[in-house]
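Those protein sequence lines, which keep their order, are chains A and B. Take any residue in the first sequence, note its place counting from 1, add 49, and you have its number in the numbering used here. Take any residue in the second sequence, note its place counting from 1, add 4, and you have its number in the numbering used here. So the structure is just underneath, and the comments pick up after that.
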Amino acid sequence: MGLFQCNASILLISGNDLMTFLDGLSTNQISGPCTAPFTKENAKIIDVCDVIPVGDNIALVGSAEYKDDLVNHLSKRILGRGISITDISHLNDVFIGISPNTVPDGATVHDSTFGWMMICPKSISYRPTWTEEEWSEHRVMNSIPFHGHEITQDRHPYSCGLETLVHPQKGCYIGQEILTRMRTRGKTGKTMHRELNPVENATTVGHTHSLSIKRS
Amino acid sequence: MDCGTCDSASPVIMVQPDAVEVNLTMTNKAKEMLEDAFGDDRSHALLVGVLSGGCSGYMYDLQIVESTDLPCQELNIGGFRVLVPSASSHLLDGIEIDYVDRLMGGGFKINNPNAASSCGCGESFS
């Protein structure tokens with residue numbers, strides 16, 4: 050058991066038809082809690098967010114580093130639909146890893162592609178139980194990509210181990226033409242690998258193995 | 005999760021493009037098809053809007069409506085009422101509405117000088 054505190058952003062999206070709005074912008078099908086990549090027209094990642102319904106609203110938990118790009122991407126496409134975005138990052142801490150025995154009152158838990166996620170109000174002052182090194186080791190041993198390492202804005206979802214987050218049947222979304230062509234032609238380019246050390250150009254280095262992005 | 009329902013969180017200030025005065029043209033073929041659709045009834049209007057989504061980011065949205073709650077600019081093109089939502093006016097200024105007579109992929113088409121690219125089916129643009 051262990052939890053790492055992420056450098057995450059949390060955007061609370063409010064308004065009508067939120068699922069439809071977000072679903073049209075993500076490679077994954079958004080109809081409830083899930084992890085969803087948002088991509089540009091060239092299929093490169095803007096951010097990969099955990100989608101968590103909160104009452105009538107939706108919380109998007111993504112990378113703090115990419116928050117401004119995501120806000121810009123979403124806000125340009127609201128087009129008078131009465132949707133608002135509130136940044137609640139400063140009110141909460143986000144932890145990821147393996148579920149602890151007990152969850153503090155007031156925390157929200159979510160089953161993320163990256164692991165078991167817990168969002169705690171800062172007032173709880175929950176402390177992480179994993180260092181970044183321990184989280185990295187866990188990721189390497191379980192081939193889990195993560196923000197800033199494998200997941201960067203110069204990569205598409207297929208190249209950083211997020212192929213399960215590209216829905217094969219859903220309709221149009223930004224970047225679909227490119228991703229569908231890659232999949233149907235079997236040409237997804239570089240992919241994520243886990244190999245025994247030493248690994249050249251590793252994206253995450255573990256004790257015995259490392260993750261890297263390279264052509265097969 | 006603290007959702008910021010108190011004053012501790014304020015909405016992100018989103019930079020929205022200013023509404024522009026839309027110039028819009030329609031080909032004769034498109035007018036003919038609208039004539040067929042509307043008949044003599046001019047109480048309805050053609051709503052030309054933009055939705056988010058599609059392969060390229062934005063999708064055209066054509067509807068025949070009696071009225072709409074959206075703040076709109078109302079134009080008169082060839083005797084037809086055309087409504088353009090103000091929120092998407094910056095994306096629609098200068099467009100030409102055409103009608104393509106084809107068994108596959110036919111129907112109303114929009115030629116948009118603002119579009120940097122469009123997807124293969126022609127329904128979305130960026």
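Where a beta carbon is used, it is the ideal one built from N, C-alpha and C, also for glycine.
For Pro-86 (chain A), the nearest beta carbon of chain B is not closer than 9 Å to its own beta carbon.
Looking only at B:Ser-92, B:Phe-129, B:Gly-83, B:Ala-119, the smallest Cα-Cα distance to Ala-34 (chain B) is reached by B:Gly-83. Rounded to whole angstroms, the separation of the alpha carbons of Glu-212 (chain A) and Cys-7 (chain B) is 31 Å. Contact annotation, Gln-77 (chain B) with Ser-93 (chain B): C-beta distance approximately 6 Å; criterion of less than 8 Å satisfied.
Of all residues in the stretch 89-102 of chain B, those with a C-beta nearer than 9 Å to a C-beta of chain A are Pro-89, Ser-90, Ala-91, Ser-92, Leu-95, reading in chain order. Within the model, the alpha-carbon separation for Gly-129 (chain A) versus Thr-162 (chain A) is close to 32 Å.
Runs of the beta strand (DSSP E) spanning 3 or more residues and lying entirely within the stretch 5-60 of chain B occur at 49-56, in chain order. For Gly-109 (chain B), no Cβ of chain A is located within less than 9 Å of the residue's own Cβ. With a contact defined as Cβ atoms closer than 8 Å, Val-158 (chain A) and Ile-59 (chain A) miss out at about 14 Å.
Note: Phe-129 (chain B) is bridge-paired with B:Tyr-62, B:Ser-122 in the DSSP secondary-structure output. In this structure, DSSP gives Val-120 (chain A) a helical state, which the three-state scheme calls helix. For Asn-106 (chain A), the uninterrupted beta strand (DSSP E) run begins and ends at 106-112, by DSSP. In the three-state DSSP reduction, Glu-78 (chain B) falls in the strand class (E or B).
Along the stretch 51-79 of chain B, the positions whose C-beta sits under 9 Å from a C-beta of chain A are Gly-53, Val-54, Leu-55, Ser-56, Gly-57, Gly-58, Cys-59, Ser-60, Gly-61, Tyr-62, Met-63, Leu-74, Pro-75, read in chain order. Sorting A:Thr-252, A:Ser-138, A:Ile-227 by C-alpha distance to the C-alpha of Cys-169 (chain A) places A:Ser-138 at the top. Residue environment for Thr-76 (chain A): buried (at least 16 other C-beta atoms within 10 angstroms of its C-beta). Within the same chain, and ignoring the five residues on either side of Thr-253 (chain A) in sequence, the residues whose Cβ sits closer than 8 Å to its Cβ are Ser-185, Arg-188, Val-189, Phe-195, His-198, Glu-199, Ser-259, Leu-260. Proximity to Ser-130 (chain B) across B:Ile-101, B:Asn-32, B:Leu-96 peaks at B:Leu-96, based on C-alpha coordinates. Bounds of the beta strand (DSSP E) holding Thr-253 (chain A) are 251-254.
Closest in C-alpha terms to Ile-145 (chain A), from the list A:Leu-67, A:Glu-90, A:Gly-235, A:Ile-193, comes A:Ile-193. Shown here is that no member of the stretch 199-220 of chain A has a Cβ falling below 7 Å from a Cβ of chain B. For Phe-70 (chain A), the residues of chain B that pass the 7 Å Cβ criterion are Ser-56, in the order they occur in the chain.
By the Cβ test, the stretch 102-113 of chain A is in contact with the stretch 66-82 of chain A, since at least three Cβ pairs between them sit closer than 8 Å.
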